[in-house]
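Since the structure comes first, as structure tokens, the remarks are kept for the end.
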Amino acid sequence: MGAQSRMTPFFISRLWRRALLLVCLLLTAPAWSADILLTAAEDGAGVQAFTQALAQQRPEDQVSFVPLKDLPAPSQLPPGTRLILLDLPGLDWRLQDDQGPPTLVLRISRLQARQRLGTTHPAKISLLWSDPPLARQLKLIANILPQAQRIGVLYGSDSEFLLPELREYAAPMGLEIVAQRWDNINDSRPLQNLLKNSDVLLGLDDPQLYNPKTVKNLLLSSYAQQLPLVGPNAGFVKAGSLASTYSDQADWLAVLDRLLDHPPANWPRSLYPQHFKVVGNPQVARSLGIEQVDETAVAARLAEGEKRP
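Under mature numbering (1 follows the signal peptide of the UniProt record, and there is no 0), read the sequence shown as residues -33 to -1, 1 to 276, first letter to last.
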């Protein structure tokens, strides 16, 4: 009995050392271990599938989805949370509070950001662009239509701010941007005028100009002039444009995986996905007498070009 009582302090000391070791291990957990919270106004099958895919990709992290209506104010979330917004209502909610956690805004277009933020950029918010990069779209044209020199671009009040950037990218490539404002989509004269003075039409991701109401007029007019339309997005290629670059769910997951490996302080203020694909419309190519787009080969050439300085 006396021997057991003498050994008790030894065992107690060993238990304390083990407890301290456990605490130290917890405190020195890998920097990439995090609580990742996704939110959106709608909780659909696509959102759940995306959340599950991210959780499978990052088993060391706690990945969860909470509908926007069930969240408190952003400042009430734990400061260590890494917040991922999947829709625009989520961004509107996040912008109401300057004190929220570091935030990644997924699948937002340049136009949508401009409409909500103007020329400002709130701290701790990183914007991941959904619309194809302008430089990448121009390089796509150069790859599949090397003879095209005059790039026709329709623009409106929302998308006009993109023109200087577009011209900046086009100049070193020897391309000319022929811009035409289109304020009234029921008036086809600006479109007809642009088609007569262009070799190809490049669509900006501007819903005021490229939408279900305008798609028939845009495509029939371009076909009548035997002029291809590139872009503005993968959905429009299905409707009848020639080709576009785009990023799918796998590409977005790769972007998130890379960003979440770094501390939020190192997240970029805005970013286009590094990974992307090319989609072409073979029927449109045939009808315009253009060689069918080899989607895999063209995407590989574009990606290789972006890797080079």
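Where is the CB? At the ideal position from N, CA and C, for every residue including glycine.
Does the separation of the CB atoms of residue i and residue j fall below 8 Å?
i           : j    : result
D246        : A270 : Reading the sequence as shown, one finds Val at residue 246 and not Asp. No, the pair does not count as a contact, with Cβ atoms beyond the cut-off.
L194        : L162 : yes
residue 277 : P231 : Lying before the first or after the last residue shown, residue 277 is absent from the chain, which here runs from -33 to 276.
D173        : D125 : yes
S188        : Q159 : yes
L238        : P199 : no
L73         : I51  : yes
L220        : Q24  : yes
Q79         : L95  : no
L129        : R77  : yes
A115        : V182 : no
Compare the C-beta of residue i with all C-beta atoms of chain C and state if any pair is closer than 8 Å.
i    : result
V182 : Reference to chain C is not applicable here, since this structure consists of a single protein chain.
Using the Cα positions of residue i and residue j, report the straight-line distance between them to the nearest angstrom.
i     : j    : result
G202  : P249 : 15 Å
L226  : R236 : 12 Å
G47   : G67  : 10 Å
P26   : L196 : 43 Å
P39   : Q63  : 12 Å
L71   : G207 : 33 Å
I257  : R81  : 36 Å
A12   : I108 : 35 Å
V265  : R148 : 31 Å
R268  : R253 : 23 Å
D37   : E9   : 11 Å
I152  : E127 : 16 Å
P99   : P157 : 24 Å
T263  : Q43  : 46 Å
L(-8) : E143 : In this predicted model, L(-8) has a pLDDT of only 40, less than 50, meaning its place in the structure is not dependable enough to derive any value.
I75   : G141 : 30 Å
R61   : V251 : 42 Å
Residues in its own chain within less than 6 Å of residue i by CB, not counting five upstream and five downstream?
i           : result
residue 283 : In this structure the chain extends from -33 to 276, so residue 283 is not present and cannot be described.
P139        : none
V145        : R117, G119, N164, S165
R103        : T212
P34         : D10
So what does DSSP say about residue i, is it helix, strand or coil?
i      : result
Y213   : strand
D2     : strand
I144   : strand
L44    : coil
Q29    : strand
S124   : coil
W96    : strand
V222   : helix
G170   : coil
L112   : coil
S208   : coil
K180   : coil
L38    : coil
C(-10) : Annotation note: pLDDT 44 at C(-10) (below 50); position unreliable, coordinate value reported separately. Residue state, collapsed to three classes: helix.
R117   : strand
L238   : strand
By Cβ distance below 8 Å, which residues in the same chain neighbour residue i in space, the five residues on each side in sequence not counted?
i   : result
V14 : L5, A7, F32, L53
Note the first and the last residue of the continuous beta strand (DSSP E) segment covering residue i.
i   : result
L52 : 48 to 52
T70 : 70 to 75
Leaving out the 5 sequence neighbours to the left and right, which residues in its chain are closer than 7 Å to residue i when beta-carbon positions are compared?
i    : result
V30  : I3, T18, L21, A22
G85  : none
P113 : none
I111 : A210, V260, V265
Q175 : G123, D125
E132 : L101
Check for me: the alpha helix (DSSP H) holding residue i runs from which residue to which?
i    : result
V251 : 249 to 254
D59  : 55 to 62
S165 : Where S165 is concerned, there is no enclosing alpha helix (DSSP H), given that its DSSP letter is neither H nor E.
T263 : 262 to 274
A22  : 12 to 24
E9   : Careful: E9 lies outside any alpha helix (DSSP H) and carries neither H nor E.
E135 : 130 to 137
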